[in-house]
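The next block holds one structure in the form of structure tokens; read it before the comments.
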Amino acid sequence: MKKFLIVVLVLAGLVAGAGLWLKANPETLLALARDAERDQAGVVQKSVDIGGDAYPYLEGGSGPVILMLHGFSGDKDNWTRFAKYFTGEYRVVIPDLPGFGESARHPDWSYDLLSQRERLRAFAQALNLDRFHVIGNSMGGHLAGLYAHAYPQQVLSIGFVDNAGVSALEKSEMQVRLEKGENPLLVDDAEDFDRMLNFVFVEPPPIPGVLKEYLAAKAVEHRDFNAKIFEDYRGKTPLLEPLLPELKPPVMILWGDTDRLIHVSTVTVMRASLPDAQVVIMEDCGHSPMIERPAETADHYREFLAQL
Numbered sequence: 001m002k003k004f005l006i007v008v009l010v011l012a013g014l015v016a017g018a019g020l021w022l023k024a025n026p027e028t029l030l031a032l033a034r035d036a037e038r039d040q041a042g043v044v045q046k047s048v049d050i051g052g053d054a055y056p057y058l059e060g061g062s063g064p065v066i067l068m069l070h071g072f073s074g075d076k077d078n079w080t081r082f083a084k085y086f087t088g089e090y091r092v093v094i095p096d097l098p099g100f101g102e103s104a105r106h107p108d109w110s111y112d113l114l115s116q117r118e119r120l121r122a123f124a125q126a127l128n129l130d131r132f133h134v135i136g137n138s139m140g141g142h143l144a145g146l147y148a149h150a151y152p153q154q155v156l157s158i159g160f161v162d163n164a165g166v167s168a169l170e171k172s173e174m175q176v177r178l179e180k181g182e183n184p185l186l187v188d189d190a191e192d193f194d195r196m197l198n199f200v201f202v203e204p205p206p207i208p209g210v211l212k213e214y215l216a217a218k219a220v221e222h223r224d225f226n227a228k229i230f231e232d233y234r235g236k237t238p239l240l241e242p243l244l245p246e247l248k249p250p251v252m253i254l255w256g257d258t259d260r261l262i263h264v265s266t267v268t269v270m271r272a273s274l275p276d277a278q279v280v281i282m283e284d285c286g287h288s289p290m291i292e293r294p295a296e297t298a299d300h301y302r303e304f305l306a307q308l
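As structure tokens, then:
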């Protein structure tokens, strides 16, 4: 019994020690958590050199290609929990768009979406992605539409997930705040990170405290550069709306009905120009359904792909 108690105390000490070490090394904890989710999804991180820059991306599976594009201030892992439902039948490719995630940040670049579109084309060419489905959230959806319009021969279908670039019948909370000179997506401090999460999601994904502190610190670190990207995006990017009737590939439109960034009434505007689009509106869901409710979002998208 005494030996058993000693073993228990030693193990408890080891666990406590490991906990303290991980708390002091949140980057390692984040890497472990991400690796576990990527393993579950069947994706691995890769990188391709384009013009001297490393373009990090996730890839997994085989079959027809699905290119997944994250939104403003996001990164490739925004899609990991969603991607696991597709790597059994598809080759999934998820880049960090230039300026985000682990990609390089160049102060002298413009990050408007026409520039990003050409960078995305170079990325697709580097990976020999000749024909693919593309799905994008928010700014990534805007980019997906611009890409499909410019290079329709490459795009098999478009998935718009709470995409930007189209007017709404009603102003969103984001639009109202931007008009007042506020940007709810920029983070000033750790407390502000919680506010941002609650703004984007109805039910924010659970994040352990030590990881949340680390992610908040990263968001604060990149605040000024994100502000530059946002201004480039808003000031120099054409709207997607007038191009919608000219889109050739089949389209799915998926939206969270409680999106505070881009009002759900945008769907009505898009439907008028895309009468054949498949439309799904998810109840009690925010701006990024593939993060907030990945399994349900994947079910809708898989059904769309199956009908093509």
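The numbers in the working numbering rise by one with no breaks, and the one at position 176 of the sequence shown is 176.
The beta carbon of each residue, even a glycine, is placed where N, CA and C say it ideally should be.
Where the beta strand (DSSP E) containing residue i begins and where it ends
{"i": "D53", "result": "53 to 60"}
{"i": "F100", "result": "Counting along the chain, F100 falls outside any beta strand (DSSP E), and DSSP gives it neither H nor E."}
{"i": "I207", "result": "Here I207 belongs to no beta strand (DSSP E), and DSSP marks it neither H nor E."}
{"i": "Q278", "result": "278 to 282"}
{"i": "F72", "result": "Note, F72: premise wrong, no beta strand (DSSP E); not H, not E."}
Per DSSP, the bridge partner or partners of residue i
{"i": "K218", "result": "BP columns for K218 are empty, so no partner."}
{"i": "V348", "result": "Because the chain here runs from 1 to 308, residue 348 falls outside it and cannot be looked at."}
{"i": "I229", "result": "The partner list for I229 (beta bridge, DSSP) is empty, contrary to what the question assumes."}
{"i": "I66", "result": "V92, H133"}
{"i": "V48", "result": "Y55"}
{"i": "W255", "result": "I281"}
{"i": "V155", "result": "F132"}
{"i": "V161", "result": "N137, L254"}
Span of the alpha helix (DSSP H) around residue i
{"i": "G145", "result": "139 to 150"}
{"i": "V269", "result": "266 to 273"}
{"i": "F82", "result": "80 to 83"}
{"i": "Y340", "result": "In this structure the chain extends from 1 to 308, so residue 340 is not present and cannot be described."}
{"i": "S115", "result": "113 to 126"}
{"i": "F86", "result": "No alpha helix (DSSP H) contains F86, which DSSP labels as neither H nor E."}
{"i": "L178", "result": "173 to 179"}
{"i": "N25", "result": "Counting along the chain, N25 falls outside any alpha helix (DSSP H), and DSSP gives it neither H nor E."}
{"i": "V200", "result": "190 to 200"}
Test item: CB-CB of residue i and residue j under 8 Å
{"i": "D162", "j": "S62", "result": "no"}
{"i": "A148", "j": "P249", "result": "yes"}
{"i": "L267", "j": "V251", "result": "In the sequence under discussion, the amino acid at residue 267 is Val, which differs from the Leu named in the question. Taking 8 Å as the Cβ cut-off, V267 and V251 do not qualify as a contacting pair."}
{"i": "G140", "j": "H70", "result": "yes"}
{"i": "N166", "j": "E241", "result": "Sequence inspection shows Val at residue 166; the Asn mentioned does not correspond to that position. In this structure, E241 lies closer than 8 Å to V166 by Cβ."}
{"i": "E37", "j": "T87", "result": "no"}
{"i": "V92", "j": "I66", "result": "yes"}
{"i": "F82", "j": "A277", "result": "no"}
{"i": "S172", "j": "R293", "result": "no"}
{"i": "S113", "j": "Y233", "result": "A quick correction: the sequence has Leu, not Ser, at residue 113. Yes, the pair counts as a contact, with Cβ atoms nearer than the cut-off."}
{"i": "I158", "j": "A168", "result": "no"}
{"i": "K76", "j": "G42", "result": "no"}
{"i": "G60", "j": "V200", "result": "no"}
{"i": "P98", "j": "R131", "result": "no"}
{"i": "R105", "j": "F230", "result": "no"}
{"i": "L254", "j": "S273", "result": "no"}
{"i": "S103", "j": "E170", "result": "no"}
{"i": "V269", "j": "P26", "result": "no"}
{"i": "N78", "j": "M282", "result": "no"}
{"i": "Y90", "j": "P64", "result": "yes"}
{"i": "M174", "j": "V187", "result": "no"}
Buried versus exposed call for residue i [16 or more other C-beta atoms within 10 Å across all chains shown]
{"i": "A176", "result": "According to the sequence displayed, residue 176 carries Val and not Ala. Burial call: exposed."}
{"i": "V15", "result": "Note that V15 scores 39 on pLDDT, short of 50, meaning its location in the model is unreliable and no value can be drawn from it."}
{"i": "E246", "result": "exposed"}
{"i": "L305", "result": "buried"}
{"i": "P206", "result": "exposed"}
{"i": "T323", "result": "Missing from the structure shown is residue 323; the chain here goes from 1 to 308 and no further."}
{"i": "H263", "result": "buried"}
{"i": "G51", "result": "exposed"}
{"i": "E182", "result": "exposed"}
{"i": "A54", "result": "exposed"}
{"i": "G235", "result": "exposed"}
{"i": "E203", "result": "exposed"}
{"i": "H142", "result": "buried"}
{"i": "K180", "result": "exposed"}
{"i": "Y151", "result": "exposed"}
{"i": "L185", "result": "buried"}
{"i": "D96", "result": "buried"}
{"i": "N198", "result": "exposed"}
{"i": "L32", "result": "exposed"}
{"i": "Q307", "result": "exposed"}
{"i": "N128", "result": "exposed"}
Any non-hydrogen atom of the ligand FMN within 7 Å of residue i CB
{"i": "S172", "result": "Summarising the ligand content, the structure contains no ligands, and the ligand FMN is consequently not present."}
Within-8 Å CB hit, residue i to chain B
{"i": "P95", "result": "No chain B appears in the structure shown, which is made up of a single protein chain."}
* Count the C-beta pairs between the stretch 114 to 123 and the stretch 72 to 81 that are closer than 8 Å, then say yes if the count reaches three, no if not. => The stretch 114 to 123 is not in contact with the stretch 72 to 81.
* Asked: Would the stretch 209 to 227 and the stretch 188 to 196 be scored as touching if the rule is three or more Cβ pairs under 8 Å?
  -> By the Cβ test, the stretch 209 to 227 is in contact with the stretch 188 to 196, since at least three Cβ pairs between them sit closer than 8 Å.
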